[in-house]
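Numbering of the sequence shown is given in the working numbering, commencing with residue 912 and proceeding in unit increments.
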Amino acid sequence: MSIQIAPSILSADFCNLERDLKAIDHADLVHVDVMDHHFVPNLTLGEPIVKRICEVTDLPVDVHLMIEDPDRWAPEYAKLGASSVSFHVGAVHAPVRLARQLHEMGCKACLAVRPAEPVEPIFDILEEFDMILIMTVEPGFGGQKFLDNQMGKVRRLRDEITQRGLDTHIQVDGGVSPQTAHIVAEAGADVLVAGSSVYGAQDRAQAIDDIRSKAQA
Ligand code: DX5
Ligand code: ZN
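This is how it looks when you write it as structure tokens:
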């Protein structure tokens, strides 16, 4: 399975975003965390900044919405040029309708699951999504400790996807580093978000390579 690395700019320097986007230009995606002080106890950035990120980077922009009422806001990010938009199963009202709306706009749809939420209830609507995001920390902050107790969920989801012959990606987000990359890849994840382990490194390009090679080992 080919592995994609998606650095999260949550750990970048927001006053030097263009520089920090260039530093990760050989990653596969750039992961942008949108938080609203309601769904999670943190506030990051919104449409004007995502618009500029889409203009400035050549990478596909993967927007992770940690906000209430994604049904209202997700299409706005698709309009700005996001390649994929993730919204949380615990926040969305009509996931199938929203996924179809994003697809009509040429944007990929991803459903995100928090650590205490089971994955089985979404099996019936799996076909509607390009990617499922399994959170490996409680959403809201970078630099938290990786929850390896989420790997059972990743395995069960990978088995279901394989059995049904789907090509759904499994993204993991939280605590992914060269030390944990092989654990998530072995469990069946193929899109690895990494914030602090990339932006906390002196050499960001090297950190991306390290995560990729450990995941593929
Ligand atoms: C946390 C965000 C993550 C965050 C991950 O809620 O969704 O994308 O940037 O940061 P690390 O990789 O440092 O755990
Ligand atoms: Zn994220």
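Note that CB positions come from ideal geometry on N, CA and C, so glycine has one too.
When you compare each of the options to residue i by their alpha carbons, which one comes out closest?
i       : options                            : result
Ala1005 : Arg1066, Asp982, Leu1013, Asp1101  : Asp982
Ser913  : Pro971, Val1030, Leu940, Val1102   : Val1102
Ser922  : Asp936, Ala938, Val943             : Val943
His1093 : Gln1117, Gly1106, Tyr1110, Phe1057 : Phe1057
Phe1052 : Glu958, Asp1084, Gly1076, Ala938   : Asp1084
Glu958  : Glu987, Glu1071, Ala1098           : Glu987
Pro1089 : Ala1116, Lys1125, Arg1069, Val945  : Lys1125
Ile1043 : Met1016, Gly1017, Glu1071          : Glu1071
Asp931  : Val1109, Ser995, Glu1038           : Val1109
Asn927  : Met1046, Gly1099, Val967, His937   : Val967
Ile920  : Gly1111, Asp1121, Asp1120, Phe950  : Gly1111
What did DSSP end up calling residue i once you bin it into helix, strand or coil?
i       : result
His1093 : helix
Cys1018 : coil
Phe1034 : helix
Ala917  : strand
Gln1055 : coil
Met1062 : helix
Gln1012 : helix
Val974  : strand
Val1109 : helix
Leu928  : helix
Leu1044 : strand
Leu956  : coil
Buried or exposed: residue i, going by 16 or more other Cβ atoms within 10 Å of its Cβ?
i       : result
Phe925  : exposed
His975  : buried
Gly1143 : The requested residue 1143 is not part of the displayed model; the chain covers only 912 to 1128.
Pro952  : exposed
Gln1074 : exposed
Leu970  : buried
Gln1061 : buried
Ala1027 : exposed
By Cβ distance below 7 Å, which residues in the same chain neighbour residue i in space, the five residues on each side in sequence not counted?
i       : result
His1014 : Ala1020
Phe1040 : Ala1010, Ala1020, Cys1021, Leu1022, Thr1079
Arg1123 : Ile914, Ile916
Rounded to whole angstroms, what's the CA-CA distance from residue i to residue j? Just pull it up for me.
i       : j       : result
Asp1035 : Arg1066 : 17 Å
Ala985  : Gly992  : 11 Å
Leu1077 : Lys990  : 27 Å
Gly1086 : Val961  : 23 Å
Ile935  : Ile1033 : 33 Å
Thr1091 : Val1007 : 32 Å
Gly1001 : Arg1025 : 8 Å
Kindly list the residues whose CB is nearer than 8 Å to the CB of residue i, restricted to its own chain and excluding five residues on each side of it in sequence; keep chain order.
i       : result
Pro1029 : Lys1064
Gln1127 : Ile914, Ala1096
Gln1055 : Val1048, Glu1049, Gly1085, Gly1086
Leu1037 : Ile1043, Glu1071, Ile1072, Arg1075, Leu1077, Thr1079
Taking 6 Å as the limit between beta carbons, can you name the residues of its chain near residue i, skipping five residues before and five after?
i      : result
Asp947 : Ile978
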